[in-house]
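Contents: one structure, followed by commentary.
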Amino acid sequence: MTSADQPLPLRAPSPVDEADRAALLRMAEGELAALEDLYDRYKSMAYSIAYRITNDATLAEDVVQDAFLGAWRNAARYMEGRGSVKTWLLSIVHHRAIDAVRRRRPTTELPDMETALPVALTLPDVWAEVSAILDADTVRSALEALSEVQREALELAYFGGLTQFEIAERTGTPLGTVKSRMRLGLLAMRRSLEVGST
Amino acid sequence: MSGSDAMPELTCDEVREMAGAFVLGALDARDEAAVRAHLATAHADAHSEIAELGGVVAAFAELVPAVEPPAGLKARIMAAAAADLEARGGPAAATGAAAVPAGVAVPTAPAAPVAFPTAEERAARRARTSTGTWLLRIAAVLVIAALGGWNLLLQGDLSAARSYQQSVAVVLDTAAQPGSLTAVLAGEGGTGAGLAAVDTKGNVALAIRNLAPTSGTAVYEAWVIASDGVPVPLGGFAVGKDGTASFGASGLPTASGIVLALTLEPGPGAKTPTLPIVSKGVATAASG
């Protein structure tokens, strides 16, 4: 029995979730058509995220290709996690995209150990969504409800791919303050989204 | 924290402080590894907040304006995955056993006995030609294009390599047209590995390699077999010492499931094929 058989902690799986999980199982067995299904379902979101972060069409293509291949090669590992395949896949895209922009920045120090990490460890964690019915307006409202400095820290991290050190340097803010802004900003958003989804 | 080369050992309070940066991907690799190491120990239960914050980060994807990826990206990804599967030597065959006709096996490992397919075989192949089939075709194209050109370069035949690459490019151009059919041709032991594409007007382009050179009046004859099961000659061509050939013909049926085949004939103008079949493949629509 895999964890895919277990109920999700925060919400029941939707039919799309079930189809995605089935696709992952088929991918783990080496079925290429399952990858095709997943790509067709999430190509737009995946490319949109990659393009938004890299602002480079060629780099975004590479990111999306790398992410889907990562999902293809690690489909069996997903079954050990929780949350939706969509969240997992888009998290891979996000991580790959910020990796790509950091590598592109000449001033960014790339720790040696990063390249030494096995692929499996560079995959993002699987987290359950706060809600199954989030839409752009709801999320945007939650983000806009934050203080300006909290919102700035979150946007520089998620969309800009900046590390906490880079955010501190760019905004002239102590590192500890940046950490707090990110954590408290996300906690506040979570409260907003939970209210908004009930 | 990032000033030391050694991975720092974090306390629960330090991990809690970095929770937001961790789920946003805003830690450098060293700190991220340190957080993971901490969570991997007995402390995971103390950090349920991390999972909660991670769920919020996932919601950011909803804020991104929609941009459609280029049409060719899908083919690139699927080709790479097919190549990965082939490299593993694992379920590629298992997948193919269920969904891939023998005629579209990658040319490095053809498994089909070379014989004219019966009507039942053709019907079964059409039924089994699922959406995943063309993915293996793409991988096969890459194998054909790369290995064919590379082998020729190894042999020092640069002009033959260029000629072969050009013929592959012609086939790919035809295959890229909407509604076109593609076929991967393969014979026993890698003989006659090739790719063909048929456009909606019934024009076929074929690039093929690993053919024994012809001599005298002998030619390779191309055949098409439609639903009536009758081989129809398309024309012949000679093959030089490099073992490659390109071929074009018109007037082919454009229905998915037609079979393309090559035979070696004692002379041009054959009306019936001389067995055995050297190479063959089933042409089907390149979906997606």
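If you're matching them up, the sequences are chains A and U in order. If you're matching positions, the first sequence starts at 1 in this note's numbering and goes up one per residue. If you're matching positions, the second sequence starts at 1001 in this note's numbering and goes up one per residue. Glycine included, every Cβ here is placed at the ideal spot set by N, Cα and C.
Residue state for T1263(U) is assigned as strand, using DSSP reduced to three classes.
Secondary structure note for T1284(U): its beta strand (DSSP E) is the uninterrupted segment 1277-1285. Residue-level contact by beta carbon fails for D1242(U) and chain A, as no gap is shorter than 8 Å. In this structure, G161(A) keeps its C-beta atom at 8 Å or more from the C-beta atom of A60(A). Between the alpha carbons of A1059(U) and T138(A) lies a gap of roughly 10 Å. Closest in alpha carbon position to T1214(U), among L1185(U), V1278(U), G1257(U), E1014(U), is V1278(U).
In the DSSP annotation of this structure, the continuous segment of the beta strand (DSSP E) that includes R1209(U) starts and ends at 1204-1209.
Interface with chain U (8 Å Cβ-Cβ cutoff): E18(A) is excluded. The beta-bridge partner set that DSSP reports for A1066(U) is empty.
Around the Cβ of Q1166(U), a 10 Å sphere holds fewer than 16 other Cβ atoms; the residue is exposed. The continuous beta strand (DSSP E) containing A1249(U) extends over residues 1245-1249. Cα atoms of V1230(U) and T1272(U): separation of roughly 9 Å, rounded to the nearest angstrom. For a Cβ distance threshold of 7 Å, nothing in chain U lies close to G70(A): the least Cβ distance comes to about 11 Å. Within the same chain, and ignoring the five residues on either side of P1268(U) in sequence, the residues whose Cβ sits closer than 6 Å to its Cβ are V1219, G1236. When DSSP states are grouped into helix, strand and coil, T138(A) belongs to the helix group.
With respect to chain A, the C-beta atom of A1197(U) has no partner C-beta closer than 8 Å. At least one beta carbon of chain A lies nearer than 8 Å to the beta carbon of D1028(U).
DSSP places A1255(U) outside both helix and strand once states are collapsed to three, so it counts as coil. Distance from S48(A) to V1067(U) at the Cβ level is roughly 5 Å; contact confirmed, criterion being Cβ atoms closer than 8 Å. Residue contact with chain U for E61(A): present (Cβ-Cβ distance below 8 Å to some residue of chain U).
Separation of the CB atoms of A1207(U) and V1171(U) is rounded to 5 Å, and the pair is thereby assigned contact status at 8 Å.
Distance from V1168(U) to G1281(U) at the Cβ level is roughly 15 Å; contact not present, criterion being Cβ atoms closer than 8 Å. Contact residues of the stretch 1056-1073 of chain U toward chain A are V1056, V1057, A1058, A1059, F1060, A1061, E1062, L1063, V1064, P1065, A1066, V1067, E1068, P1069, P1070, L1073 (C-beta to C-beta distance below 8 Å). Of the candidates T171(A), R170(A), E155(A), E155(A) places its Cα closest to the Cα of G1020(U). The contact set of A1082(U) on chain A, defined by CB atoms closer than 7 Å, consists of L32 in chain order. Under a criterion of Cβ atoms nearer than 7 Å, the residues of chain U adjacent to T87(A) are, in order, A1058.
Taking 7 Å as the Cβ-Cβ cut-off, the stretch 41-66 of chain A approaches chain U at K43, S44, M45, Y47, S48, I49, Y51, R52, E61, V64, Q65, given in chain order. Taken atom to atom, the span from the alpha-carbon of L1063(U) to that of R26(A) is near 30 Å. Taking the Cα positions, R170(A) is about 20 Å away from E1017(U).
At least 8 Å separates the beta-carbon of Y51(A) from that of L1024(U). For the 8 Å CB-CB criterion, G185(A) and L146(A) form a contact. Ranking L187(A), A168(A), R103(A), P174(A) by CA distance to the CA of L143(A) puts L187(A) first. Excluding sequence positions up to five before and after G1054(U), its CB lies within less than 6 Å of the CB of V1023, all in the same chain and listed in chain order. For the 8 Å CB-CB criterion, A28(A) and A67(A) do not form a contact. Per DSSP, V1224(U) lies in no alpha helix (DSSP H) segment; the continuous beta strand (DSSP E) that holds it begins and ends at 1219-1225. DSSP lists Y1220(U) as the beta-bridge partner residues of F1237(U).
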